Amino acid sequence: MEVKTSLLDNMIGVGDMVLLEPLTEDSFLENLRKRFDHNEIYTYIGSVVISVNPYRSLPIYSPEKVEEYRNRNFYELSPHIYALADEAYRSLRDQDKDQCILITGESGAGKTEASKLVMSYVAAVCGKGQEVNKVKEQLLQSNPVLEAFGNAKTVRNDNSSRFGKYMDIEFDFKGDPLGGVISNYLLEKSRVVKQPRGERNFHIFYQLLSGASDDTLKKLKLDRDFSKYNYLSLDSAVVNGLDDATSFRTVKNAMQIVGFMEDEVQSVLELVAAVLKLGNIEFKPESRLNGTDESRVKDKNDLKEMCELLGIEQTVLERAFSYRTVEAKVEKVSTTLNVAQAYYARDALAKNLYSRLFSWLVTRINESIKAQTKTRHKVMGVLDIYGFEIFEDNSFEQFIINYCNEKLQQIFIELTLREEQEEYVREGIEWTNIEYFNNAIICDLIENNQNGIMAMLDEECLRPGTVTDETFLDKLNTVCAEHQHFESRLSKNSKFLNDHSLPHSCFRIQHYAGKVLYCVEGFVDKNNDLLYRDLSQAMYKASHSLIKLLFPEGNPAKVNLKRPPTAGFQFKASVGTLMRNLQTKNPNYIRCIKPNDKKAAHIFTESLVCHQVNYLGLMENVRVRRAGYAFRQAYEPCLERYKMLCKRTWPHWRAPAREGVEVLMADLQVPTEEFSYGRSKIFIRNPRTLFFLEERRRQCLEDLATLIQKIYRGWKCRTHFLLLKKSQIVIAAWYRRYAQQKKYHKIKSATTIVQSYTRGWQARKLLRELKHQKRCEEAATTIAAYWHGTQARMELRRLKQEVRNKHAVTVIWAYWQGTKARRELRRLKEEARRKHAVAVIWACWQGLKVRREYRKFFRANAGKKIYNFTIQRIMQKYFFGLKKTLPSMSPIDKNWPARPYRFLDGAHTELKRLFHLWRCKKYRSQFTEEKKAVYEEKLEASELFKDKKSLYPSSVSQPFKGDYLEISKNPKYQKLNSSVEEKVLLADVVNKINRANGKGATRILLLTKKNVVLADQKTGQVKASVALPDLTSVSVSTQNDGFFALKLKEGSASAVKGDFLLSSEHLIETITKLHHIGSTASDDGEQLNVDITDEFLVQFKQDKVCVKFIQGAPKNGNGVSCKRKNNRLLEVSVPASA
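Heads up: the sequence shown begins at 1 in the numbering used here, then just goes up one per residue.
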């Protein structure tokens, strides 16, 4: 059973300031202090969350806490930022309402951490999945990048955001994040060139010098020593608790996750290094002949290194620091800059360079995290912006920051009242107008287009003649003198003209949060924010690709003589856009408060907190909320919480909840003017009534607890007694069973022993009888055996005597026959010897006669004839042997018989060569023209891919078929075949890769002598046709995959939609045929380039996407997989070959 809880349970102080009684500034602060001392840093004002920075880690952000606040009512648990985040997320997901979360407070109050907590909670409770997790990770990792470039250490905060940030997180209909869009406001770019004492420049400068490798610093021409750079303050270069080296690695990893390419990261670091180098450029005066001063660069080493980083000619930038060109419609005037103007130009360039780099970073992050689908999205906006600022010295920055807070306060009051009014109308309760301070008059004083302060400042900046801060103040004294919220020494609202708290060079505005004194010094220059055109044009001439994007106005072909808009005008326009955006969304507010200036835990400075409570308008907020009804609650939870106070509603109420609440309130005799009944809620006017109900409930709960304890103890004792009784019965029954079993086993054992003795006696008696019977049978058998043996031996002796008699006769006859045969043999041998002797003697006589006749001829030519005869016989024997041992007719068979004699070595080698040529000729004569073309293509494939692509060895044994679809025979493709005029040389099924998600769409690839055609596999409709002369190159990887990219000529008709990224199972054959036919189809005879690399660029419409091949394990049984990493990277994972 789920335990019902409430904001009012175990409450420390008052969890909702609306219920605070009495409502005074002292009671408000005391309640905040009491909750802060007990680690309760969150407090409500209705639906607004007050967050007090604890300056330490608290165990209230664990995954268990996330689950505790997930899908719970806003007032169901104790106040927490998770409750507001959950309420906003559920309203967006379930009610289809766009949300915005406005986080305000001064520096060090914890705004940035609050925005991180909101985003981390939403990321934890929304859906899961690979793509969703990737989007969430990119949204979360955008924070470290922006913090590094937009945050700095100040006297109030070690990680102070020096810019305003508004992020729109886009969700689909399920509530899963799709992407986001970030808007930045008013980066404090003056910090780049100068920091107050005790503060640092932006984090990225220190992180780069501390965390980059020596090789990286060498490439950027930097040194780790902070003291070598004029733009870096040294008194606070090292901050306790901040590890710049680790943060630098975190930032680089975050940029990689967000989607920055390696060359983009390097370009950003080069610009950061250029800003540091720019601060080291110093100038010296030099007199000219006409008596004017001219500035010159003192040491040109830093200028040279900066120009090398950005790819700018040194002389161009050096001239831009010494001269200024002013262009009119018909003439151009060049003037020299003195040293002060040169330093101003240098600092203006540094501020503009860093500010534009920051804006580019925001734009680049938006490209990566933006939603890919074009359907309608639900949006949750998170605004993290400066709070109201009142310093000892307030200048132009504080003026526009406080203007922005005035607008936020105005929209806050309007939306809060509108929300109250809508709820009253929805519940059917009469709406009464609430008196409150409307700060629209202050906003009008600042932003009025005719006589507003910003309009007059712009007018002063744009008018000709001498313009100073004093002339601007004079104009204010003239136009705004009678305004009730404006004060100066010369205005009518100034009580004392000699009031020393209001200097002559200042004016005072009475904001909703209090009076603020502004010094006009620097207002005009900061509003102008001029960058000389010579510097812009010098930057545009840089070879660095990013610099050209940051300074488009430097393009000589697009010279604009109009004055650029002022900083105040730009900020006013962006604030107007922000206000219009917020008015379309349901607002949720987080007010951040800094408890002390020491950045220490457990310290609550009452005066500081009181100051923040005033300028955040928290008391005003409580009064607006309490002007009507202080507390409201749905009937069901109200009845569930207080039903024990009435006997008629306890313990169960079966009728509708509203009737139960009416019965309850009537029984408690609560005055009718203290509450009202809405359609679904009860509205309580005074907090005292609620506390009365809570006190009665507490007393009733104590009585119920006593009753529950009494009933429980009685039940426990009865249960214990029944258990004892049951145990005694069970034990007695088990004992009686045991005794009977023991007696039974004893009787059974005795009976078994008697039975065993009886059976043994019977068995022994039977054994004796059987043994006697067996001995009688064995005796008879033995006698019979002896008798039969005697008879058999007698018969055997008789038979042996007969055999001996027959054998003697046979032996005598055999001896006689042998004697006769030997006598005949001796006779025949003697006769043969006599005949042989006669033949031998005759042969010798004939030989002697022949030798005597031919002796004279034989002696002259015998040696040569014998030698020739011998050689002839050896050659004959060699050729006959070679005939029998010839190798096979295969041209690849390298076997050959061994030579028998050394003098045949040359002939043996020549015969081997001739035989090989002869069998190759015989082999070639068998080829048809088609087979010969196939082997030529195989040879061309070997030249293209051998030892270059891992897929090639497996394709050698596969014949090149060409038409794998039999397109001319298949009736399914009859229409497609008729639409192609030329002969189809290759027809195969390929996958066309989609750059959005890396998935493939099946297509038919047709290759003819003039075109490459892609058609739909199902319908046969031609999707694309590319003329072969329009192909510039083909790109493939070195790995065992079938991906290839067809790259088209820029400007050709085929290149309208960009290049094609395809995947084929017959990659080697496809690319070989393309290469062969493309070379013949080219007009100039150039061959088609085949690029084999693991990383190449593919043009998709206007964007270039990098296709990167990596080795990885197969996933889900699949081989090659392709997925989108970001907008500019497709990653192809190829399993490692065995």
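All C-beta atoms in this analysis are idealised placements derived from N, C-alpha and C, irrespective of residue type, glycine included.
Remember, it's a predicted structure, so these values are computed and weren't measured experimentally.
Residue interval of the alpha helix (DSSP H) (run including residue i)
| i | result |
| --- | --- |
| Cys-1176 | Coverage of the chain is limited to positions 1 through 1138, which leaves residue 1176 absent and any answer about it impossible. |
| Gln-341 | 339-369 |
| Gly-150 | 130-150 |
| Tyr-635 | 635-642 |
| Leu-92 | 81-95 |
| Lys-912 | 905-924 |
| His-38 | From DSSP, His-38 is part of no alpha helix (DSSP H); its letter is neither H nor E. |
| Ile-446 | 440-447 |
| Pro-63 | 63-69 |
| Leu-269 | 262-279 |
Proximal residues to residue i (C-beta, below 6 Å), its chain only, five neighbours per side dropped
| i | result |
| --- | --- |
| Tyr-635 | Ala-657, Arg-658 and Val-661 |
| Ser-355 | Leu-187 and Lys-189 |
| Ala-1136 | Gln-1111 |
| Phe-604 | Arg-33, Phe-36 and Pro-595 |
| Arg-995 | Phe-1100 and Val-1105 |
| Glu-87 | Phe-74 |
| Val-1120 | Asp-1041 and Val-1134 |
| Asn-157 | Ser-107 and Gly-108 |
| Lys-526 | Phe-396 |
Boundaries of the beta strand (DSSP E) in which residue i is found, first to last residue
| i | result |
| --- | --- |
| Met-167 | 164-171 |
| Pro-953 | Pro-953 -> not in any beta strand (DSSP E); alpha helix (DSSP H) instead, spanning 952-956. |
| Ala-996 | Here Ala-996 belongs to no beta strand (DSSP E), and DSSP marks it neither H nor E. |
| Tyr-42 | 42-45 |
| Asn-1011 | 1011-1016 |
| Ile-1092 | 1089-1092 |
| Arg-654 | Premise fails: Arg-654 is in no beta strand (DSSP E) and is neither H nor E. |
| Thr-672 | No beta strand (DSSP E) holds Thr-672; DSSP gives it neither H nor E. |
Proximity test, residue i beta-carbon vs the ligand NAD heavy atom, cut-off 7 Å
| i | result |
| --- | --- |
| Arg-768 | Ligands displayed in this structure: none; no statement on the ligand NAD is therefore possible. |
Cβ separation of residue i and residue j, assumed to be a contact under 8 Å, to the nearest whole Å
| i | j | result |
| --- | --- | --- |
| Ser-267 | His-602 | 46 Å between Cβ atoms; not a contact. |
| Asn-449 | Ala-455 | 6 Å |
| Lys-284 | Lys-300 | About 12 Å separates the two Cβ atoms, so there is no contact after all. |
| Tyr-923 | Pro-891 | 5 Å |
| Arg-197 | Asp-235 | 7 Å |
| Lys-1147 | Gly-175 | This structure gives no information on residue 1147, because the portion of the chain shown stretches from 1 to 1138. |
| Leu-361 | Phe-149 | 6 Å |
| Cys-480 | Asn-53 | 37 Å between Cβ atoms; not a contact. |
| Ser-1063 | Ile-993 | 6 Å |
Buried versus exposed, by CB contacts within 10 Å (16 or more), residue i
| i | result |
| --- | --- |
| Thr-154 | buried |
| Ala-898 | exposed |
| Met-794 | exposed |
| Lys-1144 | For the chain, the structure presents residues 1 to 1138; residue 1144 sits outside this window and is missing. |
| Ile-708 | exposed |
| Leu-701 | exposed |
| Glu-270 | buried |
| Met-119 | buried |
| Phe-496 | Below a pLDDT of 50, predicted positions are generally treated as unreliable, and Phe-496, at 43, falls in that range; no measurement from the model is reported. |
| Met-17 | buried |
| Lys-79 | Note that residue 79 corresponds to Pro in the displayed sequence, not to Lys. Label assigned to Pro-79: buried. |
| Gly-465 | exposed |
| Lys-884 | exposed |
Cβ neighbours of residue i in the same chain (closer than 7 Å, five flanking residues each side left out)
| i | result |
| --- | --- |
| Leu-278 | Met-306, Arg-346, Leu-349 and Ala-350 |
| Glu-367 | Asn-1127 |
| Val-663 | Cys-646, Arg-648 and Thr-649 |
| Phe-1096 | Ser-1035, Ala-1045 and Val-1107 |
Residue(s) in a DSSP beta bridge with residue i
| i | result |
| --- | --- |
| Ile-50 | Thr-43 and Arg-591 |
| Val-379 | Glu-170 |
| Phe-1109 | Val-1132 |
| Val-1026 | Val-1012 |
Beta-carbon contacts of residue i that lie in its chain and below 8 Å, excluding the five residues immediately before and after
| i | result |
| --- | --- |
| Glu-2 | Confidence in Glu-2 is poor, its pLDDT being 40 and thus under 50, which makes the residue's placement unreliable; the coordinate value appears in the next sentence. Closer than 8 Å at Cβ, skipping near neighbours: no residue. |
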